[in-house]
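Take a look at the structure below.
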Amino acid sequence: MAMCVKILTQDGQLVLIAGYESGHCCLWRYDQNSSKWALLSIIKSHAQPILSLDVAKGLRRYYTSAADATVACYSLSDLTASQPIKTAQTKHSGQQSLHVRSDDKILATAGWDGCQGCYALAFADLTSRDIDTAADESTTSDQKQASTTLQTVGQRRETKAQTTHWIAAGSKDGKVSLWDIY
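Everything in the sequence shown is counted per the numbering used here, starting at 605 for the first residue and increasing by one.
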């Protein structure tokens, strides 16, 4: 029985990732010619049912968590892989929820025992950096300063809230905590 699914587009094609009660993770690709889903890979890296999965599109990876204490990482570059890239033992069984932050730098987990975990996914993104000249930097900083000056306090607060990478954690007593991790 499928426990969790995620659908995404990769290289212009639909890809479906499914986590199963048996601990298997399957990758499917939609074939437009036959209008059918083709099974690409089956990987078993969990001893218990997979409860959650999420994708880090920028890293071309996806992650699964299960009722066991394992978090597994798989490649989206090699869709026919037979093993995960890496597995980590969290020492906390029942990883119910797993989520990759929008900038693909942090993976957050939440478990049945009330424990939350945060894991770093990428140290630095050196490939997307542009080299600017000193003249470009001064022009850019002048533009930023001018636009910041024109914003009201409310607009600045709203901009900060929208660009902050929040992590929310709920507890057994019904309280929710918000975390701003860099």
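Ideal Cβ placement from N, Cα and C applies to all residues, glycine included.
**Prompt:** Looking only at DSSP bridge pairs, what is leucine 640 linked to?
**Reply:** For clarity, residue 640 is lysine in the given sequence; the question names leucine instead. In the DSSP assignment, lysine 640 forms a beta bridge with Asp635.
**Request:** Grab the span of the beta strand (DSSP E) containing arginine 665 for me, first residue to last.
**Result:** Start and end: 665 to 670.
**Asked** In the structure shown, what three-state DSSP assignment does glutamate 741 receive?
**Response** Since pLDDT at glutamate 741 reaches only 49, below the 50 mark, its modelled position is unreliable, and the value read off the structure follows with that caveat. Correct three-state label for glutamate 741: helix.
**Prompt:** Along the chain, where does the beta strand (DSSP E) that runs through glutamine 720 open and close?
**Reply:** Looking at the DSSP string, the run of the beta strand (DSSP E) that includes glutamine 720 is 720 to 724.
**Request:** State the DSSP-derived secondary structure class of lysine 776, mapped to helix, strand or coil.
**Result:** Coil at lysine 776, not helix or strand.
**Item:** Rounded straight-line distance, which links the Cα of glycine 616 to that of glycine 715
**Value:** Looking at the two C-alpha atoms, the distance is approximately 35 Å.
**Contacting residues, own chain, Cβ-Cβ under 6 Å from serine 732 (five flanking each side not counted)** = Low local confidence applies: a pLDDT of 35 at serine 732 is under 50, so the model's placement there is unreliable, and no value is given.
**Request:** Return the CA-CA distance between isoleucine 646 and leucine 683, expressed in angstroms with no decimal places.
**Result:** Their backbone Cα atoms lie some 10 Å apart in a straight line.
**Message:** Using a Cβ-Cβ cutoff of less than 7 Å, which residues in the same chain neighbour alanine 670 once the five nearest sequence positions on both sides are dropped?
**Reply:** Counting only residues of its own chain and dropping the five nearest sequence neighbours on each side, alanine 670 has a CB closer than 7 Å to the CB of Gly627, His650, Gln652, Pro653, Ile654, Leu655, Gln699.
**Request:** Compute the Euclidean distance between the alpha carbons of glutamine 759 and serine 679, then round it to the nearest angstrom.
**Result:** The straight-line gap from Cα to Cα measures roughly 40 Å.
**Item:** Nearest neighbour of lysine 695, chosen from Met607, Leu754, Val675 [CA to CA]
**Value:** Cα-wise, what sits closest to lysine 695 is Val675.
**Message:** Using C-beta distances below 8 Å, list every residue in its chain close to tryptophan 770, excluding the 5 sequence neighbours before and after it, in chain order.
**Reply:** Excluding positions up to five away in sequence, the list reads Leu782, Trp783, Asp784.
**Request:** Using a Cβ cut-off of 9 Å (strictly closer), state whether glycine 623 contacts chain C.
**Result:** The question asks about chain C, but that chain is absent: this structure has only one protein chain.
**Prompt:** Start and end of the alpha helix (DSSP H) containing glycine 758?
**Reply:** Counting along the chain, the unbroken alpha helix (DSSP H) around glycine 758 starts and ends at 757 to 767.
**Item:** lysine 547 in three-state terms, based on DSSP
**Value:** No statement about residue 547 is possible, as the shown extent of the chain runs from 605 to 786 and does not include it.
**Where lysine 695 sits in the DSSP three-state scheme** = Lysine 695 sits in coil when the DSSP states are folded into three classes, being neither helix nor strand.
**Distance CB(alanine 673)-CB(valine 704) smaller than 9 Å** = No, they are not a contact pair.
**Prompt:** Who does threonine 684 pair with in a DSSP beta bridge?
**Reply:** DSSP output for threonine 684 lists no bridge partner at all.
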